[in-house]
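In my numbering, the protein residues as written are 8 to 436. Using N, Cα and C, we set each Cβ at its ideal position, and we do this for glycine too. For clarity, every value in this text was computed on a predicted model and none was experimentally measured. Data first, discussion second: the structure below is written as C-alpha cells.
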Ligand code: GLU
C-alpha cells in the first residue's frame, strides 16, 4: 500500500470511503498492470505541493469568519497544473488530493499538456450572499497568488463554482500582478477571454462518449432510455444534448430529489421550469417524484451519475439495471461497485474519460487566449469532439489488447504517459 504520510491529512471519516485511498488503489492497479518501477509509483502517489490557506472573510452582518482553502498540485511533469476549484460542504484535503491526482491522469489520457491540480473550500455556497462569495473567492486567490499562474497552475470551475467565480479570480490575480492575465483561469465569461462551448463542454463530452459506446454495440442515441443523477452544469447539459440527439431522458434529479416519466421528460421545458423554480424540479408537469436512490435503480439503457462521489457502492450496486454507466461526476462509483458491474457485463465508462470534455475545452480556451485568436463554437466543439473520440478509441483498444476493464485501460494510458515523461525528464538533481 502506498504511504501517504507526507500529506498532513485530516483523519479519515470511518463512515465514508476515503477518496484518496480509492484514487491510490486505481493508481496501484495501473502501476501493477504496467509493471511500473516502485520508485516511479512512489513519486506519482504523492502530490508535489499541498497548500492550505486561511481565508478571513467579513460576512454581511459584520461578523468575521475564517475558512480553510485548499489547493493540491499533484504533478506537473506534462505541463502546468490544471483543475477546478470546488465549493462544497463535504470538501476535505483528502478529497481535493484525490481529485488532483485524477486530473493528472485525465489530462494525460486526453493528450493535453497539463498536470493535475484541484482546489476547494469546505462551504455550502448557497448559505452565502453573492458579496460574501466574492470576498471569499478573492481572498482565496490572493492567498494563492504565488502558487498559480498561466504557466504554473490554472484553476477552473468545479462543483459550486462557475464563470462568475473565475472572473473574480482572474481580476484578483490581474490586479495583484499589475496587468490583465486572462490565462490564469479557464471557464471564464466570454467578455474576458472565455471560450464558446465551455459551459456545455463536460455534458457534451459525456454525450459523445455514451454515443461512441452505443455505436460500438451497433446502436444510436435515438430512443435510448437514460436516467441522470444530477441536473447541474454537467447533468443538465448532458440531458439537453442527449435529448436533442433523440434519447429518452426518463429521470433526472437534484440534491432535493428527482422526477421520472416513462415516456421521457421534455428537457427544454424542464430547464425553463427549473430556472423559474429556483432550480427545483420536483412538481414538473407530467412527471412523478422519485428519490435519488430509486433513480439509480431504474430499468434503463444508460445511467449517468452526474453528482457526488460514491453514489453507487456495495450496498446499492445490485439494484443498478442499466447496461451502460457513464461516470459524469468524479468517482461516483466505488471500486467495489465498479468491479461488480463489470463482472455483470455492464459497460462502465470511467470518469477520467467520460467527464473530460470540461478540461478539454478549458485547454482550447487557454490555447485561444495564448494565440489571441478566438474560434466560433462549431470549431471548439469539433476540436473537442476529435480529442474525446480519439481518447475513447485508445481506451477501447487498450482494454482489448490487455483484456482489462475500461477503467483500468484508461488509467494505464494516463499513468503510463506520465511515467514515460517522468522517465524521459529524469530526476533532478
Ligand atoms: N472541474 C473540471 C474537472 O473536474 C474541469 C477542470 C478544468 O477545466 O480545468 O474536470
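Whether residue 122 touches residue 156 by CB criterion (8 Å): No. Outside cutoff.
Neighbour-count burial assignment, residue 279, 16 or more Cβ in a 10 Å radius: Exposed, by the Cβ-count rule.
Cβ-Cβ separation, residue 411 to residue 40 (assumed contact under 8 Å), whole Å: In this structure, residue 40 and residue 411 form a Cβ contact; the two beta carbons are roughly 6 Å apart against a cut-off of 8 Å.
Contact set for residue 13: own chain, Cβ-Cβ below 6 Å, skip 5 residues either direction: Only 53 meet the Cβ criterion.
Residue 121 in three-state terms, based on DSSP: Note: residue 121 maps to coil in three-state DSSP.
contact_flag[the segment 195-205, the segment 255-274] where n(CB pairs < 8 Å) is 3 or more: Taking a cut-off of 8 Å for Cβ pairs, the segment 195-205 and the segment 255-274 do not touch, as fewer than three such pairs fall below it.
The ligand GLU heavy atom lying under 7 Å from the CB of residue 163: Set against 7 Å, the gap from the CB of residue 163 to the closest heavy atom of the ligand GLU is smaller.
Backbone CA spacing between residue 363 and residue 235 [nearest angstrom]: Rounded to whole angstroms, residue 363 to residue 235 spans 17 Å at the Cα level.
Residue range of the unbroken beta strand (DSSP E) whose run includes residue 31: In the DSSP assignment, residue 31 falls outside any beta strand (DSSP E) and within the unbroken alpha helix (DSSP H) covering 26-41.
Nonlocal neighbours in the same chain, by C-beta distance under 8 Å from residue 84, ignoring five residues either side: The answer, listed in chain order, is 122, 425, 428, 429 and 432.
Residue 236: first and last residue of the uninterrupted beta strand (DSSP E) it sits in: Here the beta strand (DSSP E) through residue 236 covers 232-236.
Cα-Cα separation between residue 170 and residue 366, rounded to whole angstroms: Straight across, the Cα-Cα distance linking residue 170 with residue 366 is about 14 Å.
Own chain, CB closer than 7 Å to residue 253, minus 5 neighbours either side, in chain order: Listed in chain order, the non-local C-beta contacts of residue 253 below 7 Å within the same chain comprise 228, 229 and 230, local neighbours out to five positions each way being set aside.
Between the CA atoms of residue 296 and residue 289 - distance to the nearest angstrom: Looking at the two C-alpha atoms, the distance is approximately 6 Å.
Between the CA atoms of residue 173 and residue 25 - distance to the nearest angstrom: Residue 25 and residue 173 have their C-alpha atoms some 29 Å from each other.
C-alpha gap between residue 441 and residue 215, whole angstroms: Any question about residue 441 goes unanswered here, given that the chain covers just 8 to 436.
Residue 53: first and last residue of the uninterrupted alpha helix (DSSP H) it sits in: Taken as a continuous stretch (DSSP letters only), residue 53 belongs to no alpha helix (DSSP H), as it is neither H nor E.
Span of the alpha helix (DSSP H) around residue 148: Counting along the chain, the unbroken alpha helix (DSSP H) around residue 148 starts and ends at 137-150.
Option in 107, 261 and 328 with minimal Cα separation from residue 237: For residue 237, the nearest C-alpha among the options comes from 261.
Given 8 Å, three or more beta-carbon pairs between the segment 312-320 and the segment 335-343: Taking 8 Å as the limit for Cβ pairs, the verdict is that the segment 335-343 does touch the segment 312-320.
Pick from 62, 423 and 101 that is closest to residue 15, judged by C-alpha positions: Taking only the C-alpha atoms, the option nearest residue 15 is 101.
Cβ-based neighbour list, residue 212, same chain, cut-off 6 Å, excluding 5 preceding and 5 following: Cβ within range, chain order: 363, 364 and 395.
Check whether residue 353 and residue 330 have beta carbons under 8 Å apart: Remark: C-beta atoms of residue 353 and residue 330 approach each other more closely than 8 Å.
Short Cβ contact (8 Å threshold) for residue 132 with residue 76: No; because the gap between Cβ atoms is not below 8 Å, this pair is not in contact.
Status (buried if at least 16 other CB within 10 Å, exposed otherwise) for residue 8: Confidence in residue 8 is poor, its pLDDT being 48 and thus under 50, which makes the residue's placement unreliable; the coordinate value appears in the next sentence. Residue 8 is exposed by the Cβ-count criterion.
Own chain partners of residue 82 with C-beta closer than 7 Å, once the 5 adjacent residues on each side are dropped: Closer than 7 Å at the Cβ level, and outside the excluded window around residue 82, lie 51, 55, 111, 122, 123 and 425.
Residue 83 in three-state terms, based on DSSP: Three-state result, residue 83: coil.
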